[in-house]
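Below is one structure, written out as C-alpha cells; comments come after it.
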Amino acid sequence: METTLNFTINNLWMMVSIALVFIMHLGFSALEVGLARSKNAINILFKNFMIVAIGLITYTICGFNLMYPGEFNGVFGFAGWGLSLPEGGLSAAYADGYTYWTDFLFQGMFAATAATIVSGAVAERIKLNSFLIFSLVYVGIIYPIVGSWKWGGGFLDQMGFYDFAGSTLVHSVGGWAAVVAVILLGPRLGKYLSNGTIQPIEGHNIPLAALGVFLLWFGWFGFNGGSVLSADAGLVSLVLVTTSLAAASGIIAAFITSYLKFKTYDITMAFNGSLAGLVGITAGADLMSPMDAIIIGFIAGVIIVFAIGIIDRLKLDDPVGAIGVHLVCGIFGTLAVGIWGDKGVFSTGSFAQLGTQAYGVMVIGITCLTSSFIILFTIKKTIGLRVSEKEEVEGLDIHEHGMNAYEGINVNDND
Amino acid sequence: METTLNFTINNLWMMVSIALVFIMHLGFSALEVGLARSKNAINILFKNFMIVAIGLITYTICGFNLMYPGEFNGVFGFAGWGLSLPEGGLSAAYADGYTYWTDFLFQGMFAATAATIVSGAVAERIKLNSFLIFSLVYVGIIYPIVGSWKWGGGFLDQMGFYDFAGSTLVHSVGGWAAVVAVILLGPRLGKYLSNGTIQPIEGHNIPLAALGVFLLWFGWFGFNGGSVLSADAGLVSLVLVTTSLAAASGIIAAFITSYLKFKTYDITMAFNGSLAGLVGITAGADLMSPMDAIIIGFIAGVIIVFAIGIIDRLKLDDPVGAIGVHLVCGIFGTLAVGIWGDKGVFSTGSFAQLGTQAYGVMVIGITCLTSSFIILFTIKKTIGLRVSEKEEVEGLDIHEHGMNAYEGINVNDND
Amino acid sequence: METTLNFTINNLWMMVSIALVFIMHLGFSALEVGLARSKNAINILFKNFMIVAIGLITYTICGFNLMYPGEFNGVFGFAGWGLSLPEGGLSAAYADGYTYWTDFLFQGMFAATAATIVSGAVAERIKLNSFLIFSLVYVGIIYPIVGSWKWGGGFLDQMGFYDFAGSTLVHSVGGWAAVVAVILLGPRLGKYLSNGTIQPIEGHNIPLAALGVFLLWFGWFGFNGGSVLSADAGLVSLVLVTTSLAAASGIIAAFITSYLKFKTYDITMAFNGSLAGLVGITAGADLMSPMDAIIIGFIAGVIIVFAIGIIDRLKLDDPVGAIGVHLVCGIFGTLAVGIWGDKGVFSTGSFAQLGTQAYGVMVIGITCLTSSFIILFTIKKTIGLRVSEKEEVEGLDIHEHGMNAYEGINVNDND
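Structure representation (C-alpha cells):
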C-alpha cells in the first residue's frame, strides 16, 4: 500500500511535468513568431503546431520503442510497433515512478522539441511540406535512436556519459540539424548584403516573444523537474532551484555582456541569456549546487552573446538564435557535467568524466550532422527546400496559407 | 493514515486540474478574440471574463446544489441555496478523492465553459447585457439541471448513459444553445451576400488564436485528467495519453482533409482539428486504448472540416466554428463511447450502449434547444439580442466599451 | 515511511505552487505592457524580466537569510550569506511540508513580486538603470527585512499580526514604494493638462492585458494555495475556493460600480475588480468562509473603482492602477482579517485583532515609505530617476533599447 502511494505520488509529479513540457511548444511558437516578421507568422505557427502532432504520432508508431527498446546496450534496438498494454495491466508500475502511459507521454512531449528547435532556425524561407517531411523522419527515427544510446541504456550510457534532461540528447540534437538546415537553405534575402554588411531583420512582436520565453522557463520546471522521474522531494526541489538560478544568472550575464559590447539594453539578449542558462544547466541540473548553477548559467549567458555574433558573422542566418542557444549552450552544458558538480573535475580531480562527455557530444554531433544532411539534402534535390523568391518577399503566409496573421491591422514588412 | 495520504494525493491532483481548467477560459478568450475582428476584441474579452465570474457565483448560489442534489435518481433535485460546511468539518472527505471545496471548484470551473462556447458563436453582434443575462440563466440553472441527469446520478445515469468528462454535458450543452443563438441573431453584416456568395471574415490575430488553442489543450489535461476524480496512476495517465493522441490525430486528419479539399494549408482547420479531437475523446477518454483514441481523433478531424463547411452553407454564421467543434464533435464523441472502447460495439458486440448514448444526446439536445430558445427569444422580444447596424459596422468596442483594443496601432477593419 | 510520503506530497504541492507563482511574472508583464503605450513595451518587458533575475539572485545572496533568520523574534536577523545545504542532507525536511530548496524557491518567487508592482506604477518614464538599482536594494534588503517581522517570526508575528499570503507583506510593500516613486517621478507628459483636465492615456493591447489578468489569477492558485505550506486537502482547497470567489465577486462589484458611475462597460475596471478581490482575500484566504470571501471580494471591487478615480484626481499617475490594487486593497485585505473570518470581530466580538492588523499596516507602511523614499531620492539626486522629455515623447524603446516592439506594424502613439 505504501509502495502504491509512493508510486501514485511519483506518477502525479510526472503528469504535472507532462503538462508543463507540453506548454513549452507554445513557448517555442511564441518566441519564434515574435522574433520573425509578421508576414511569416502563420507559417511558423503552422510548423510548430504540426510538429506536436507529428511528434506524438510518430512516437506512438515507433519512436518510443526505438528509444526504449528494453534490454539493450548497444547502438540500435527496437521493441516493436505501436504501444501495447504492459504486463500487469493498466496501472502496473512500468518503473518506480510512473506508469507505461506516463512514461510514453512525457518522452513523447520531449520528442517534438528537437524538431521545434530546427523550426526557429529555418524560419521565413523553408517550404512547409519539406519541413514537415524532415520533422517526420528526424523526430520519428533519428531522435529516438540517438536518445536510446543514453536514456535507453545504450553504449553511451554504458560508458558513463551523463545527460540528465537533454542538453545534448534534446537541445544539441535539434541544434546540429539546425546548422545543416541553415547551410543548405542559405540566408534570408536581404540579410547579408553584397557589400559585406549584415542587415538585422527585426522581430515583429516582442511582447509575444517575451511570453514565449516566460513559458519556456515555466515549462522547464517540468522538463528538468520531471526528468528526476519521481517526486523525490530533495532531488526535484534542488533541480528546480538549479534550473531557476541558472536562468536568472544567464539573464544577468547576457545583460552585462551585451551592454558592455553594444552599449544598449538588448532585450533579445536578455531572453537568450535565460534560455542559455536553462539549456546549460539541463545536462547536470541534478548534480549541481546552487552556486554551481549560478556559475554555469553565468558562463552560458556570456557565451550566448558572443556565439550569436559569431554565428551571424559566419553568415549562418538563424532568425531566433536557435543554434547559439540550443547547440552551443547544449554542448557547454554537457561538458559542464565534467567540470562542476558531483561528477566534475572540481569534485573528483579527474578529467575522465569530461572526456566521456566530450566523446558523447562528438559521437552525437557526427550522427546528427550526417543524418540531417542526408535527409535535408535528399529533400533539397527532390522537392526542394526553399520557397521561391517571390514567396519569400511577399511572405509565406499569404502564399502557403492564403491568409494574413493580422488581417485588418496595417503592416509593412515586405522588405 | 494511509487513507488520509491517499485522499491528500487524490485531492492534490484535483486541485492541479482546477487550475488547468481555469486557464481554459483564457484559451477560449484568446481563440475567439484572435478569430474575430479587432474592432470587437474588447467586447469578446469582456464577455469571456464576466462569464467566469457569473459562472462561479451562480454555481455557488444554486448551480452546485442543482447539479449534485445528493440522493437523487430523477429529473430535478436541489440540495438548497449556497455552500455549507460539510459534516465532518473542513477537511472531511466529501468523496474518495476530494474535499467538498475541491469538488465545488472543479465543477464550478466547468460550469462557465458552456456559456463560453456560446460566446464564440455569437461574437461580433450580440448585445453585451443580453448575453450576460442569457449566461446567468443558462449557466446558473439549465447547465446544472442537465448535468444532474448524468453526473448527479439522475435518470440518464440510471440508464447507463456514459459521458466521462462532458462531450455532451459540457460541449454539446454549449453547442445546442449556440445553434439557437446564431439563428435568432442572424449572420454578421456582409457575411452572406445577396448574390449567394459567402464572404469569409478573417480573424485579426492568428498568433493569439494559436495561443488559445495551445492553452485549451493544456487545460484539457485537467478537464479530462481531473474527471477521473482521483490521482489513480494508471487511469489518469491513460486519460492523458488518449486525450493527447486524439488531439494530435485530429490535427493530422484536418490537415489532410482540408488540404485535399482546399489545396491550401489552412491553420484554422488545424486548430479546429485539435479541438475536434479533444471534444471527440472527452466522453470516453477513460475507456479507450491509444489506438481507439487515434481513430476517434482522426474521424473528428475529418468531420470538423466538413461540418464547418456545411454550417456555413446553412448560413449559420459562427465566427469561431464553435458549433462544429463543440456540438458536432460533442455528439460524435458521445456516440463513440457506444462504438469503440470497453463499452462499444467492437468490444461488446452489442448496440445497446450506442442506443443509450444516442438517447442521451437526443434528450439533452431537445432540452437545451428548448430552454435556450425560451431564454433567448424572451430576451430578443424584450431588450433585444443584437446591436444596431451602426454599432456592428463601427465595432462593439468603441460603442459598448468606449475603447479600442489596440489604441495607437493602425487598424482598418470596419468592413 | 508514512511521514516521508506525507512530506513528499506536501513538497509536491509546494513545487507546483512555485511554477504557478513564477508565471505571475508573465501575468504582471503582460498586464503592464498591455495597459501602456506601444512605444514603451520593450522597456516594460525588460524591467519585468530583469526583476525575476534580480529577485532570485539577491534572494540567494542575502534575502532568504534576512527573511528567515532562524531563531528570531525582533526587528533584524541574518542567517549569513548564500544558501547552504541544510543539516540532514539534500532531502532533509526543512519544515513539515517542504525541503530547504522548495522553501527558498517559493519565497524567492514571491520576492520579485514587490518590485514588479512598483514597475507598473512607474512605467513609461523611469530610467531603466535607476529602476534596476532601486529593485536590487528594495527586493534584496527591504522586502526580506519587513517580511521577517511576520513570516520570519519577528515582532509583528509575536504580537499576533496575521497576513496569510501577503496582502501587506507583498502587495502593500510594493504599493507603498509605488506611491513614493510616482510622487518623485511626477506624471507622464500630457496626462494632467494645465487647465486641470485629466487626459486618459489608453493601453495599446487590451488582449495582452487580459491575458495578464487571467495568468495572475491562475498564478494566485499557487500564491495563496502554496502559502498553506502543505498539501492539506481541506485547507488548501478552501483557500482555492475563497481565492476564486473573491476574484469573481470583485469582478461583479467593479462591473456594477463602474457601470453606475460611468455608464459604460469598462474592461480595465473588470480586470482591476478581479485583482482587487484577489489582493483583498490574500491576507485571510485560509480564515474565511466562501460567503466571507464573496463579501470581501465585493467590497474590494467597489473600493478599487473609487480608489483609482481618487488616485488620479490626486495627480498620482499610475498607468496600470497598481497603487489602487496592491496598496489600497492590500490594506483593506489586511484589515479584513480583523473583521471577518475566524479572527474577526464578527466571530470573536473583539476589536483586538483589527487593532493589531492596523498596527501592522501602519508600521510596515512607515517603514516602506521611508526606505523607498531614501533609496529613490538618492537615485534621483545622483543618476536621476526620469528619462528626458525627448525620450519620453519618442518612446523608451527606441532610446533605451534601440528597437520597436512591433517592427513593421504601423503604430502611431507618440502623443
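Residue numbers (my numbering), protein chains in the order written: chain S, 270 to 684; chain U, 270 to 684; chain Z, 270 to 684.
By construction, the Cβ of each residue, glycine as well, lies at the ideal position given by its N, Cα and C atoms.
None of these values were measured; they are calculated from a predicted model.
Residue i to residue j span [Cα, whole Å]
{"i": "Z/T382", "j": "S/I635", "result": "45 Å"}
{"i": "U/T639", "j": "Z/G590", "result": "44 Å"}
{"i": "S/V548", "j": "S/L477", "result": "21 Å"}
{"i": "Z/V290", "j": "Z/F433", "result": "15 Å"}
{"i": "S/L654", "j": "S/E660", "result": "13 Å"}
{"i": "U/Q376", "j": "U/G343", "result": "20 Å"}
{"i": "U/D684", "j": "U/H595", "result": "Because U/D684 sits at a pLDDT of 45, beneath the cut-off of 50, its placement in the model cannot be relied upon, and the following sentence gives the value as read from the coordinates. Their Cα atoms are separated by approximately 29 Å."}
{"i": "Z/A605", "j": "S/L274", "result": "40 Å"}
{"i": "S/F601", "j": "S/G593", "result": "11 Å"}
{"i": "S/Y528", "j": "Z/L352", "result": "29 Å"}
{"i": "S/L645", "j": "S/T537", "result": "29 Å"}
{"i": "S/L583", "j": "Z/A450", "result": "46 Å"}
{"i": "S/E393", "j": "S/G459", "result": "12 Å"}
{"i": "S/W370", "j": "Z/V656", "result": "56 Å"}
{"i": "U/A362", "j": "S/N280", "result": "22 Å"}
{"i": "Z/V680", "j": "S/N681", "result": "11 Å"}
{"i": "S/I411", "j": "Z/D586", "result": "57 Å"}
{"i": "S/F276", "j": "S/W486", "result": "27 Å"}
{"i": "S/A674", "j": "S/K308", "result": "7 Å"}
Start and end residues, alpha helix (DSSP H) containing residue i
{"i": "U/Y363", "result": "No alpha helix (DSSP H) holds U/Y363; the beta strand (DSSP E) holding it covers 362 to 364."}
{"i": "U/C331", "result": "Counting along the chain, U/C331 falls outside any alpha helix (DSSP H), and DSSP gives it neither H nor E."}
{"i": "U/D561", "result": "559 to 582"}
{"i": "Z/K659", "result": "658 to 663"}
{"i": "Z/G421", "result": "Run containing Z/G421: none; DSSP gives neither H nor E here."}
{"i": "S/V630", "result": "621 to 650"}
{"i": "S/Q468", "result": "First-last for S/Q468: undefined, no H or E at that position."}
{"i": "U/P476", "result": "475 to 494"}
{"i": "S/M672", "result": "Neither: S/M672 is in no alpha helix (DSSP H) and is coded neither H nor E."}
{"i": "S/F524", "result": "502 to 531"}
Neighbour list for residue i in chain Z, Cβ cutoff strictly below 7 Å
{"i": "S/I241", "result": "Within the shown structure, residues of chain S are numbered from 270 to 684, placing residue 241 of chain S beyond reach of any answer."}
{"i": "U/I278", "result": "I278"}
{"i": "S/A500", "result": "T277, L281"}
Chain-ordered neighbours of residue i on chain Z, where CB pairs are closer than 8 Å
{"i": "U/A299", "result": "P476, L480"}
{"i": "S/T680", "result": "In the sequence under discussion, the amino acid at residue 680 of chain S is Val, which differs from the Thr named in the question. Within 8 Å Cβ-Cβ: G677, I678, N679."}
{"i": "U/V285", "result": "V285"}
Contact set between residue i and chain U, taken where Cβ atoms lie within less than 9 Å
{"i": "Z/A702", "result": "The structure shown does not extend to residue 702 of chain Z, since chain Z is modelled only from 270 through 684, so no value can be given for it."}
{"i": "S/F291", "result": "F483, W486, F487, F490, S513"}
{"i": "S/I470", "result": "Neighbours of S/I470 on chain U: none; closest Cβ ~18 Å, over 9 Å."}
Where residue i meets chain S, residues with beta-carbon distance less than 8 Å
{"i": "Z/V391", "result": "Within chain S, no residue comes near Z/V391; the closest Cβ sits about 16 Å away, beyond 8 Å."}
{"i": "U/H595", "result": "Ordered by position in chain S, no residue passes the 8 Å Cβ test against U/H595, which lies about 20 Å from the chain."}
Chain-ordered neighbours of residue i on chain Z, where CB pairs are closer than 9 Å
{"i": "U/F318", "result": "A479, V482, F483, I520, I536, A539, F540, S543"}
Distance cut-off 7 Å: residue i Cβ against heavy atoms of the ligand ADP
{"i": "S/A627", "result": "The model on display carries no ligand, and the ligand ADP is accordingly not part of it."}
Checklist entry - Of all the residues that make up the stretch 524 to 537 of chain Z, which are near chain U by a beta-carbon distance shorter than 9 Å? => result F524, F531, T533, Y534, D535, I536, T537
Item to check | the stretch 604 to 620 of chain Z: positions lying closer than 8 Å to chain S by Cβ | outcome: none
Item to check | contact_flag[the stretch 300 to 318 of chain Z, the stretch 660 to 672 of chain Z] where n(CB pairs < 8 Å) is 3 or more | outcome: yes
Checklist entry - What are the residues of the stretch 661 to 677 of chain U that lie near chain B, defined by any Cβ-Cβ distance shorter than 8 Å? => result This model lacks chain B altogether; the protein chains it does include are S, U and Z.
Checklist entry - Between the stretch 331 to 338 of chain Z and the stretch 411 to 425 of chain Z, do three or more beta carbon pairs fall short of 8 Å? => result yes
Checklist entry - How about the stretch 563 to 581 of chain Z and the stretch 537 to 548 of chain Z: do they share at least three Cβ pairs that are nearer than 8 Å? => result yes
Next on the checklist: Between the stretch 464 to 479 of chain Z and the stretch 298 to 308 of chain Z, can you find at least three pairs of beta-carbon atoms closer than 8 Å?
Outcome noted: yes
Next on the checklist: Tell me which residues of the stretch 553 to 571 of chain U have at least one Cβ-Cβ distance to chain S shorter than 8 Å, keeping chain order.
Outcome noted: S558, P559, M560, I563
Checklist entry - Per the contact definition of three or more C-beta pairs closer than 8 Å, is the stretch 520 to 534 of chain Z in contact with the stretch 462 to 472 of chain Z? => result no
Item to check | Cβ contact (3+ pairs, closer than 8 Å) linking the stretch 553 to 563 of chain U and the stretch 510 to 517 of chain U | outcome: yes
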